[in-house]
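Heads up: the structure comes next, in structure tokens.
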Amino acid sequence: MREVRLNLNESAKLVIERGKIIELLELTIIFLGGVHPRGISLRVPGAIHHARWMAKAIYCFKIFLFRSQFRLTQREEMSIASVCVFIIRLYIKAWFVAPMASRAPYQDLNFLKDLIRYQSIDKSISEVTIKKMCGHLWYLSPEAAALSFFDPHVPVDTKRKMIAALNMDTEEDNINRYVLNPKESIGILNKGLEDFICVSSMQFFKRFKINTDFLTTDPSKWNDDEHFKKSTAIVTNINVVNDIAERGVKLIEEYNTKITNDETQKQYLLQVVCDYRNKYPDSKKSTILQKMF
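Dropping the structure here:
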């Protein structure tokens with residue numbers, strides 16, 4: 003827990019535009035008994051949207067922190083506490099790095115393993131989350147798994163095995179999505195990233211026109227390789243679909259039947275709203291004046 007708190011305090015120093023992200027990090031630090039660099043400040047509860055689980059996490063923390071002011075049964079209080087502990091131990095780390103494409107395959111694999119091991123702490127939460135996660139393993143397909151070649155957190159030895167796997171034909175060679183039966187998920191504990199790499203993974207490099215010369219050198223020397231540096235810059239700009247999609251879902255639901263029903267005009271409207279929100283992330287007068295001058 004101390005390690006989690008230190009990582010969160012460091013993350014909280016970063017400039018993050020989306021206010022809800024800062025709020026969740028602040029609540030996590032407070033829950034662990036720490037204090038955010040800006041001090042303790044709790045916001046008025048906002049709206050909950052089904053497309054974004056972050057709001058539910060924020061509500062769980064606030065309910066637990068103010069549990070003495072609610073008429074909760076013992077079972078309700080214990081349930082809220084269990085969800086908060088799950089968020090702290092597993093979810094917050096996985097969620098915070100989710101927008102980073104290069105980390106997605108390795109993160110998803112390790113997160114699934116952590117969910118399986120979580121059975122020793124809370125079997126019911128483990129079983130439910132494993133079932134859910136098994137339906138979200140897009141980044142473990144042969145092509146998407148190639149993102150891990152650019153993940154600095156993947157051990158060098160693992161990358162060596164991944165290079166060797168590029169020349170191997172496997173039964174997963176032509177699949178577009180990795181499918182795992184939740185009842186057989188225990189087997190994933192014995193798998194490494196190299197088990198998701200095969201000949202088809204080369205399609206990733208072709209799709210993004212990435213030079214693969216660096217693959218002929220040892221991974222320990224990649225950071226000094228010019229081809230690898232240029233390729234890393236390309237991968238860094240790849241967006242993670244889920245992170246963008248969840249905001250898109252909320253946006254389209256907010257404006258789906260408002261102002262216009264014409265599909266063409268609706269697309270223009272969404273673009274205008276997105277552009278405006280990027281320029282003016284909140285409705286403060288200071289923000290508007292800052293953009294004007």
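All letters in the sequence shown, in the order written, are residues 3 to 295 by this note's numbering.
Think of the CB as a built atom: it goes at the ideal place given N, C-alpha and C, for glycine as much as any other residue.
Look at the alpha carbon of Leu111 and the alpha carbon of Leu195, and state the distance between them as a whole number of angstroms.
Taking the sequence shown and counting its residues from 1, the one referred to as residue 111 is at position 109. Taking the sequence shown and counting its residues from 1, the one referred to as residue 195 is at position 193. If you take the alpha carbons of Leu111 and Leu195, they lie about 8 Å apart.
Could you give the distance in angstroms between the alpha-carbon of Ile127 and the alpha-carbon of Met80?
As a working note, residue 127 is residue 125 in the sequence shown. As a working note, residue 80 is residue 78 in the sequence shown. Near 13 Å, if we compare the C-alpha coordinates of Met80 and Ile127.
Length of the line joining the Cα atoms of Met135 and Ile188:
Here residue 135 refers to the residue found at position 133 of the sequence shown. Here residue 188 refers to the residue found at position 186 of the sequence shown. If I take the Cα positions, the gap works out to 13 Å.
Of the residues Ser104, Phe152, Ser202, the one placed nearest Asn169, counting alpha carbons only
To locate residue 169, count along the sequence shown from 1; it is residue 167. Here the closest residue by C-alpha is Ser202.
To which residues of the same chain is Lys163 closer than 6 Å at the C-beta, ignoring the five residues directly before and after it?
Indexing the sequence shown from 1 puts residue 163 at position 161. Answer for Lys163: Glu196, listed in chain order.
Is the Cβ-Cβ distance between Ile72 and Phe33 less than 8 Å?
Taking the first residue of the sequence shown as 1, we reach residue 72 at position 70. Taking the first residue of the sequence shown as 1, we reach residue 33 at position 31. Per the sequence shown, residue 72 should be read as Phe rather than Ile. No. Outside cutoff.
Exposed or buried, Leu8, counting other C-beta atoms within 10 Å across all chains shown (16 or more means buried)?
Residue 8 sits at position 6 when you count from the first residue of the sequence shown. Residue placement at Leu8 is flagged as unreliable, the pLDDT there being 46, under the threshold of 50; a coordinate-derived value is accordingly withheld.
For Leu67, which residues in the same chain have their Cβ closer than 8 Å to its Cβ, ignoring the five residues on either side in sequence?
Within the sequence shown, the letter at position 65 stands for residue 67. Excluding residues within five positions, the ones whose Cβ falls inside 8 Å are Leu29, Ile32, Phe33, Leu44.
Buried or exposed by the 16-neighbour rule on C-beta atoms within 10 Å, applied to Ile42:
For the purposes of this step, residue 42 is taken as residue 40 along the sequence shown, with counting starting at 1. By the neighbour-count criterion, in which a residue is buried when 16 or more other Cβ atoms sit within 10 angstroms of its Cβ, Ile42 is exposed.
Residue closest to Thr160, alpha-carbon to alpha-carbon, out of Ser143, Lys193, Cys86, Thr131:
Taking the first residue of the sequence shown as position 1, residue 160 is located at position 158. For Thr160, the nearest C-alpha among the options comes from Lys193.
If you run the structure through DSSP and keep just helix, strand and coil, what is Ala302?
Residue 302 is absent from the model: the chain starts at 3 and stops at 295.
Those runs of the alpha helix (DSSP H) which lie wholly inside the region 159-211 and span at least 4 residues
204-209
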